[in-house]
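In the numbering used here, the protein residues as written are 1 to 388.
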């Protein structure tokens, strides 16, 4: 009888430890004294009307799709070691493509020795540009830039290791990352060398102490941050691919600034960045066919917003603008363009329940006569965002 009671007590303890508790978003589980797991779901449903349908079809398009569609598992193994895994099924129904595959967008471990010394290992966000590091579900505008904030060989994420930390009460932050970068694609890459990324920022007002940033703090913080980053990978391509000679390196630099100030008249936000990607002009010589066009690119963006001081109906209203200018140093075709747009965010429950509408106009320095995607066009996009 005592054994049965002990088993029941043990089972009851396990069930209590595994019983979900509803948090502000998602579900939290407790495993023993130190183990935790948070489970959350997030989705962005977009509807977009655009002035062309495809590079070969200049007719307008209308499309509703899942821009992002994610389930996240995160928590602590113990006080020192944590984990983060994110499943993604984004882009479903875009351009008529349904039932897209589910994959791990992120999967990494963390080791937090102290606030000044932290480590990450696995697949996670590149630590190069501020905009890429801004949370996917907390952008100032409807989304980040389509291309200029993403590095040519790592995209938004890369696989490797990072060391980072906050110094001087988080007024300064440093990051150093070693990752795969461009890997062997057949015989396109001369050598599989590691990619090195370094970033620092200075926040003299309220600190930005996380690994990721936010596009807006919605009036909860007074923030001014200046950031600088450098990206480098040797031996990434042949400038003379035919003869497999003239091996080139990749380098990139970025500088960015972010400012947000809540006042009695509302919250004001400004952000800007400069990018310079360089691969020793290989794209204009005899490169391999998979060398990205943004390996030779100089670009800037500026964005700003104003959020009204009080509620409008059941939520908070924030209006914004965005401008980008991209200069692709490619002699074979003209990809240079300017992107200008504006929109509004309506926060019903902060970022957890958010509506956005945005209009944008994209103009090219020289329009293509054959490619509809390289001709001036306008687009209008709406977004419904839910985080649970």
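Using N, Cα and C, we set each Cβ at its ideal position, and we do this for glycine too.
Please read all numbers here as calculations on a predicted model, not as lab measurements.
The region 32 to 40 and the region 74 to 81 touch, with three or more beta-carbon pairs separated by less than 8 Å. Residues 70, 72, 105, 106 of the same chain have their beta carbon placed closer than 6 Å to that of residue 86, with the five preceding and five following residues left out of the count. Look at the beta carbons and you see the region 188 to 203 touching the region 223 to 230: at least three pairs across the two are nearer than 8 Å.
Closest option to residue 169, judged by alpha-carbon separation, among 190, 163, 271, 206: 206. Residue 346 places its beta carbon less than 8 Å from that of residue 315. DSSP, read as helix, strand or coil, puts residue 293 in helix.
Assignment of beta-bridge partners to residue 54 by DSSP yields 57. Look at residue 345 here: in three-state DSSP terms it is strand. Assignment of residue 117 by DSSP, reduced to helix, strand and coil, places it in the strand class.
It is roughly 28 Å from the alpha-carbon of residue 386 to the alpha-carbon of residue 159. Residues 140, 269 of the same chain have their beta carbon placed closer than 6 Å to that of residue 216, with the five preceding and five following residues left out of the count. Distance check between residue 340 and each of 323, 28, 366 places 323 closest, using alpha-carbon atoms only.
Nearest to residue 100 by alpha-carbon distance, out of 90, 172, 47, is 90. The C-alpha of residue 265 is placed about 42 Å away from the C-alpha of residue 123.
Taking C-alpha positions only, residue 182 is separated from residue 192 by approximately 8 Å.
When rounded, the separation of the alpha-carbon atoms in residue 126 and residue 210 is 14 Å.
The residue among 233, 155, 108 with its C-alpha nearest the C-alpha of residue 250 is 233.
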